[in-house]
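Shown next, in structure tokens, is the structure this report addresses.
Protein chains: 2
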Amino acid sequence: MANESVDTLTPLFNALADPTRRAVIETLAAGPRPVSDLAFPHDMALPSFLKHLDRLEQAGVITSKKAGRVRTCTLRPEAFEPVQNWLDRERARWSGALDRLSAHLDALEKEPKQ
Amino acid sequence: MANESVDTLTPLFNALADPTRRAVIETLAAGPRPVSDLAFPHDMALPSFLKHLDRLEQAGVITSKKAGRVRTCTLRPEAFEPVQNWLDRERARWSGALDRLSAHLDALEKEPKQ
Chain H
1 MANESVDTLT
11 PLFNALADPT
21 RRAVIETLAA
31 GPRPVSDLAF
41 PHDMALPSFL
51 KHLDRLEQAG
61 VITSKKAGRV
71 RTCTLRPEAF
81 EPVQNWLDRE
91 RARWSGALDR
101 LSAHLDALEK
111 EPKQ
Chain P
1 MANESVDTLT
11 PLFNALADPT
21 RRAVIETLAA
31 GPRPVSDLAF
41 PHDMALPSFL
51 KHLDRLEQAG
61 VITSKKAGRV
71 RTCTLRPEAF
81 EPVQNWLDRE
91 RARWSGALDR
101 LSAHLDALEK
111 EPKQ
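In order, the protein sequence lines correspond to chains H and P.
Using our numbering, you'd call the opening residue of the first sequence number 1 and step up by one each time.
Using our numbering, you'd call the opening residue of the second sequence number 1 and step up by one each time.
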């Protein structure tokens, strides 16, 4: 578990923990875009914006490809699978805990009163 | 959108971007635990561990309550809703984009060949 967390979930959650990076993801969810289009709505120096793209690329959330002078970014939706799997696993765990608690309370209720 | 992201998603994703904090969540998913039980498996000074619990509490992921000398932590599973909602929204967006792309390719295929 620890290894899986260190290798994929930590950089992934870090990549998502920033409003600029989430805005880039939201734009790329509609389809690939050149870096210049992505940078345009953000009031930020280009080098700072490129660092955000780097973080996303390093976390495997996006890929980028240069053709001539234009670098185009593409979302990798499959990158979110570890996040979804982690959420699903935790949800299953606490649902199970709630079910056990509820069964326990039912059993207490059915016990003959002292 | 920007406000919603700044207020809830950023601290939430930050809270999840650490293996110790995720391990605490995984333990608490099975039910409330005293701080001492939570700290035990982590090879870490108690003040450092308490900082992790603070981060989780500030992000709304856990609550804690002191009774006598024992502080007990409880998971707030509803805290994950913004994360799940964000993932669902992005998934809907890129599924829509894929559907439109596929419809476009179908239309191209049906066009009379030159």
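Where a beta carbon is used, it is the ideal one built from N, C-alpha and C, also for glycine.
Are there 16 or more other CB atoms within 10 angstroms of the CB of residue i, so buried, or fewer, so exposed?
{"i": "residue 74 of chain P", "result": "exposed"}
{"i": "residue 70 of chain H", "result": "exposed"}
{"i": "residue 40 of chain P", "result": "exposed"}
{"i": "residue 12 of chain P", "result": "buried"}
{"i": "residue 55 of chain P", "result": "buried"}
What is the DSSP secondary structure of residue i, reduced to helix, strand or coil?
{"i": "residue 29 of chain H", "result": "coil"}
{"i": "residue 2 of chain P", "result": "Because the pLDDT of residue 2 of chain P is 46, which lies under 50, any placement of that residue in the model is unreliable, and the number read from its coordinates should be weighed accordingly. Three-state DSSP puts residue 2 of chain P in a helix."}
{"i": "residue 17 of chain H", "result": "coil"}
{"i": "residue 110 of chain P", "result": "helix"}
{"i": "residue 70 of chain H", "result": "strand"}
{"i": "residue 11 of chain P", "result": "helix"}
{"i": "residue 34 of chain P", "result": "strand"}
List, in chain order, every chain H residue whose beta-carbon is nearer than 8 Å to that of residue i.
{"i": "residue 25 of chain P", "result": "90"}
{"i": "residue 10 of chain P", "result": "17, 18 and 19"}
{"i": "residue 40 of chain P", "result": "What residue 40 of chain P touches in chain H: nothing, since even the nearest Cβ is about 16 Å away."}
Residue i touches chain P at which residues, Cβ-Cβ below 9 Å?
{"i": "residue 93 of chain H", "result": "26, 29 and 30"}
Compare the beta carbon distance of residue i and residue j with 8 Å and say whether it is the shorter of the two.
{"i": "residue 34 of chain H", "j": "residue 10 of chain H", "result": "no"}
{"i": "residue 52 of chain P", "j": "residue 8 of chain P", "result": "no"}
{"i": "residue 32 of chain H", "j": "residue 94 of chain P", "result": "no"}
{"i": "residue 17 of chain H", "j": "residue 17 of chain P", "result": "yes"}
{"i": "residue 90 of chain H", "j": "residue 26 of chain P", "result": "yes"}
{"i": "residue 83 of chain P", "j": "residue 15 of chain P", "result": "no"}
What does residue i touch in chain P if you count any residue whose Cβ is under 7 Å from its own?
{"i": "residue 14 of chain H", "result": "17"}
{"i": "residue 97 of chain H", "result": "29, 30 and 31"}
{"i": "residue 112 of chain H", "result": "None at all; the shortest Cβ gap to chain P is about 27 Å."}
Measuring only between beta-carbons, confirm whether residue i sits less than 8 Å from chain A.
{"i": "residue 58 of chain H", "result": "As a matter of chain content, chain A is missing from the structure shown, whose protein chains are H and P."}
Just the chain H side, please: which residues come within less than 9 Å of residue i by C-beta, in chain order?
{"i": "residue 47 of chain P", "result": "Under the 9 Å cutoff, chain H gives no residues; its nearest Cβ is about 22 Å from residue 47 of chain P."}
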